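Asks: Those protein sequences? They're chains Y and R, same order as listed.
Residues are numbered in our numbering as their position in the first sequence, beginning at 1, plus a constant of 8.
Residues are numbered in our numbering as their position in the second sequence, beginning at 1, plus a constant of 1243.
Input: one structure, supplied below.
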Amino acid sequence: MSDTNPVDGVTARALDHYNVPPLSAAFTDRLIAKALEGEEISALPPLIALRRDQRRGWVRGRRLAVGVAVFSLMSAAAAATGVFGDVAKNVPVIGPLIAIVAPAPKPKAIITPKPKHASAAPKLVPPLVVVEEPSIEVAEPIAGEILTPRVRRQIRREMIAQRVVDQIERNEALGITPTPEERAKFAERLAKIPPVQRVALIKRVRDIRRERLAKMTLEAGEIPQANIPLLEAETRRQFREDRLRLREERRLRWMQREEPQGGSVVQNESVPQN
Amino acid sequence: MLATAALVNEDDDALMARVALRDGVAFRKLIDAYAMRAHRIAYRMLGDATEAEDVAQEALLRLWNQAMKWHPGGAGVSAWLGRVATNLCLDRLRRRKFASDEEVPERADDAPGADEAIDEDRLRARTVAAVQALPDRQRAAIILTYYEDYSNMAAAGALDMNIKAFESLLLRARTALRTALGGAAK
């Protein structure tokens, strides 16, 4: 470019007049001093660390250690309370801590019904005494387990039966005979129970009575009585009345269904007797 | 010429090796050899002797501080210093524009009478005004190629430009100077 468009002579002559004043006399010395000054500063030994800084380091380390310990304890507590589930028990450090804080729960006993007809009868039981296993296996309700209505009914029936037997035994021990009013009251309460449940309850009461009597006689070395009458007359009568009432209700429902078709309805039809 | 340049570069490398070891004598030799060039560039770029000395000093201190990073076999200390000084000047000029409210003159000052008889001082003043009126990079192009005898390639490298852009820049700078100084030189 300088060849194709060089600075012309006039311009060059003018440019040559742009002379430069010399550097100041002390420029070199000043520059070297400045360069070496930086070196001297950097060549100084490092400052002695203040005790304050060392202490600050220790304070920081202590805070760190306290923080780690607190975090460990909190996470172990959280794991022990089940926040992390079973996963936390497999963690190397946390797992043993959990085992210390919260030992593993004992395995829950699973109650399985024993076979009702055991192959070998107990040797101590006399031939006249038939000690049956409880027909209702009442398992301890497991926390969190949802009980089915059937199981709930069984538990309730068992409790009522136990209470009735206790009351009977108390009366017998005291020599108290129930008055007709008390018997009527008891029959009235029994009548409120649905027939199927009532039969099952009465059967259970008898069974419990029989078991307790057998146990008592075994302990005393006596032969128990085979039959234990328990309100049999009232029960039979109540059962019969219930059955009649159900039959009557069924018959009335059937007649109401038939009525719109113009069929004659027989009123006050005699109730068939059993 | 090439042999001389190679010899100079070889000497530069040796001196820089000593400077890297913090040899003050070697640094003094480099200052004596190249400080004036940095000062010339800075003076013509900035138009102020004091600022020019500051720029020269700063460039040479950078050379001292970065001696340990020096790569032997390069363009040499002269080219390095010229590049650093030019860029320091451009930085200062840029800052000066932002710091000052004065409008930067784009053209040569016409105050000195063109018709009057031209003596040396007047011609110098006219030249200084014309050079200072150039845009910064055009001024740098003229200073590096005319005053410092840089090749176009070296000057383009100093200004971080490609050669084509630099030649275009140089052409515009020469045209502007010719226009500004033509009447004065006649």
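Every residue gets a Cβ at the ideal spot worked out from N, C-alpha and C, and that includes glycine.
Note that the structure is a prediction, hence the values are computed from the model and not measured.
For Y/R161 and Y/W262, what's the separation of their Cα atoms in angstroms?
Replies: If you number the first sequence from 1, residue 161 of chain Y lands on position 153. If you number the first sequence from 1, residue 262 of chain Y lands on position 254. If I take the Cα positions, the gap works out to 31 Å.
Asks: Tell me whether the beta-carbon of R/R1283 lies closer than 8 Å to the beta-carbon of Y/V28.
Replies: On the second sequence, residue 1283 of chain R is found 40 positions in, with the first residue counted as 1. On the first sequence, residue 28 of chain Y is found 20 positions in, with the first residue counted as 1. The answer is yes: Cβ separation under 8 Å.
Asks: If you drop the 5 nearest sequence neighbours on each side, which residues of the same chain put their C-beta closer than 8 Å to that of R/L1336?
Replies: By 1-based counting over the second sequence, the position of residue 1336 of chain R is 93. Once the five neighbours on either side are set aside, the close Cβ partners of R/L1336 are M1288, L1289, D1379.
Asks: When you compare each of R/E1363, R/G1316, R/A1257, R/D1256 to Y/R21 by their alpha carbons, which one comes out closest?
Replies: Here residue 21 of chain Y is taken as the residue at index 13 of the first sequence, counted from 1. Y/R21 has its Cα closest to that of R/E1363, out of R/E1363, R/G1316, R/A1257, R/D1256.
Asks: Would you kindly check if the distance between the Cβ of R/L1331 and the Cβ of R/V1298 is under 8 Å?
Replies: In the second sequence, residue 1298 of chain R corresponds to position 55, counting from 1. In the second sequence, residue 1331 of chain R corresponds to position 88, counting from 1. Contact: yes.
Asks: What residue from R/V1262, R/T1293, R/L1333, R/V1327 has the CA that sits closest to R/M1311's CA?
Replies: Working through the second sequence from its first residue, we reach residue 1311 of chain R at position 68. Selected option, being the one with the closest Cα: R/V1262.
Asks: So within the stretch 1300-1333 of chain R, which uninterrupted alpha helix (DSSP H) runs reach at least 4 residues, ignoring any that extend past its ends?
Replies: Those alpha helix (DSSP H) runs which fall completely within the stretch 1300-1333 of chain R and span 4+ residues do not exist here.
Asks: According to DSSP, is Y/K200 helix, strand or coil?
Replies: Here residue 200 of chain Y refers to the residue found at position 192 of the first sequence. Three-state DSSP puts Y/K200 in coil, outside helix and strand.
Asks: So R/N1280 packs on R/S1321, CB below 8 Å; how close in whole Å?
Replies: The residue given as residue 1280 of chain R occupies position 37 in the second sequence. The residue given as residue 1321 of chain R occupies position 78 in the second sequence. Checking the sequence shown, residue 1280 of chain R turns out to be Arg, not Asn. Confirmed, about 6 Å.
Asks: Tell me the DSSP secondary structure of R/R1380 in three-state form.
Replies: Walking along the second sequence from the start, residue 1380 of chain R turns up at place 137. The answer is helix: DSSP assigns R/R1380 an H, G or I state.
Asks: CA-CA distance, R/A1372 and R/I1386?
Replies: Along the second sequence, one-based indexing puts residue 1372 of chain R at 129. Along the second sequence, one-based indexing puts residue 1386 of chain R at 143. So the alpha carbons of these two residues sit roughly 14 Å apart.
Asks: Quick one: what does DSSP say R/D1255 is sitting in, helix, strand or coil?
Replies: In the second sequence, the residue the question calls residue 1255 of chain R occupies position 12. Helix, per DSSP.
Asks: Note the first and the last residue of the continuous alpha helix (DSSP H) segment covering R/F1270.
Replies: Here residue 1270 of chain R refers to the residue found at position 27 of the second sequence. 1267-1289 is the extent of the alpha helix (DSSP H) around R/F1270.
Asks: Tell me whether Y/T19 sits in a helix, a strand or coil according to DSSP, three-state version.
Replies: Counting from 1 along the first sequence, the entry for residue 19 of chain Y is found at position 11. In this structure, Y/T19 counts as helix in the three-state DSSP scheme.
Asks: Counting only C-beta atoms, is Y/A34 closer than 8 Å to chain R at any point?
Replies: Here residue 34 of chain Y is taken as the residue at index 26 of the first sequence, counted from 1. Y/A34 does not count as touching chain R.
Asks: R/D1275 touches chain Y at which residues, Cβ-Cβ below 8 Å?
Replies: In the second sequence, residue 1275 of chain R corresponds to position 32, counting from 1. By Cβ distance, chain Y contributes T36.
Asks: Looking at R/L1324 and R/Y1277, is the spacing between their C-beta atoms short of 8 Å?
Replies: Here residue 1277 of chain R is taken as the residue at index 34 of the second sequence, counted from 1. Here residue 1324 of chain R is taken as the residue at index 81 of the second sequence, counted from 1. Yes, Cβ-Cβ distance for R/Y1277 and R/L1324 is below 8 Å.
Asks: When burial is assigned at 16 or more other CB atoms within 10 Å of the CB, is Y/L254 buried or exposed?
Replies: In the first sequence, the residue the question calls residue 254 of chain Y occupies position 246. So Y/L254 counts as exposed.
Asks: Could you give the distance in angstroms between the alpha-carbon of Y/E249 and the alpha-carbon of Y/R158?
Replies: On the first sequence, position 241 is the one that residue 249 of chain Y refers to. On the first sequence, position 150 is the one that residue 158 of chain Y refers to. When rounded, the distance between both Cα atoms is 26 Å.
Asks: In the DSSP assignment, the alpha helix (DSSP H) including Y/E166 goes from what residue to what residue?
Replies: Within the first sequence, numbered from 1, the residue matching residue 166 of chain Y stands at position 158. Taken as a continuous stretch (DSSP letters only), the alpha helix (DSSP H) holding Y/E166 covers 157-182.
Asks: At the level of alpha carbons, what is the spacing between R/T1305 and R/R1365?
Replies: Position 62 of the second sequence holds residue 1305 of chain R. Position 122 of the second sequence holds residue 1365 of chain R. For clarity, residue 1305 of chain R is Arg in the given sequence; the question names Thr instead. Whole-angstrom Cα-Cα distance: 37 Å.
Asks: Measuring only between beta-carbons, confirm whether R/T1329 sits less than 8 Å from chain Y.
Replies: Position 86 of the second sequence, counted from the start, is the residue given in the question as residue 1329 of chain R. Taking Cβ atoms only, chain Y never reaches closer than 8 Å to R/T1329, which makes this a no.
Asks: For chain A, is any of its Cβ atoms less than 8 Å away from the one on R/A1292?
Replies: Looking at the structure shown, chain A is missing, and the protein chains on hand are Y and R.
Asks: Below 8 Å between beta carbons: does that hold for R/G1316 and R/D1256?
Replies: Sequence index remark: in the second sequence, residue 1316 of chain R carries index 73 (1-based). Sequence index remark: in the second sequence, residue 1256 of chain R carries index 13 (1-based). Yes.
Asks: Helix, strand or coil: how does DSSP classify Y/N98 here?
Replies: For the purposes of this step, residue 98 of chain Y is identified with residue 90 of the first sequence, where counting begins at 1. Helix, per DSSP.
Asks: Using a Cβ cut-off of 8 Å (strictly closer), state whether Y/I43 contacts chain R.
Replies: Residue mapping note: residue 43 of chain Y aligns to position 35 of the first sequence, counting from 1. As written in the sequence, residue 43 of chain Y is Ala, which differs from the Ile given in the question. Interface residue, yes.
Asks: CA-CA distance, R/Q1375 and R/N1405?
Replies: The residue labelled residue 1375 of chain R in the question sits at position 132 within the second sequence. The residue labelled residue 1405 of chain R in the question sits at position 162 within the second sequence. Distance between the alpha carbons of R/Q1375 and R/N1405 is about 24 Å.
Asks: Does the beta-carbon of R/L1412 have 16 or more other beta-carbons within 10 angstroms, so that it is buried, or is it exposed?
Replies: Taking the second sequence and counting its residues from 1, the one referred to as residue 1412 of chain R is at position 169. Buried, since its Cβ has 16 or more Cβ neighbours within 10 Å.
Asks: Does R/W1307 come within less than 8 Å of chain Y when only Cβ atoms are used?
Replies: Looking up residue 1307 of chain R in the second sequence gives position 64. Yes - at least one Cβ of chain Y is within 8 Å of the one on R/W1307.
Asks: Considering only C-alpha positions, which residue in the set R/D1275, R/V1268, R/A1269 is nearest to Y/A33?
Replies: Along the first sequence, one-based indexing puts residue 33 of chain Y at 25. Checked all of R/D1275, R/V1268, R/A1269; the closest Cα to Y/A33 is R/D1275.
Asks: Taking a Cβ distance cut-off of 8 Å, strictly less, list which residues of the stretch 1261-1290 of chain R are near chain Y, in chain order.
Replies: Here the close residues are R1265, G1267, F1270, R1271, I1274, D1275, A1278, M1279, H1282, R1283, Y1286, R1287.
Asks: Compute the beta-carbon to beta-carbon distance between R/A1383 and R/T1329, rounded to the nearest angstrom, for a pair I have assumed lies under 8 Å.
Replies: Stepping through the second sequence from its first residue, residue 1383 of chain R is reached at position 140. Stepping through the second sequence from its first residue, residue 1329 of chain R is reached at position 86. Yes, R/A1383 and R/T1329 are in contact; Cβ-Cβ is about 5 Å, under 8 Å.
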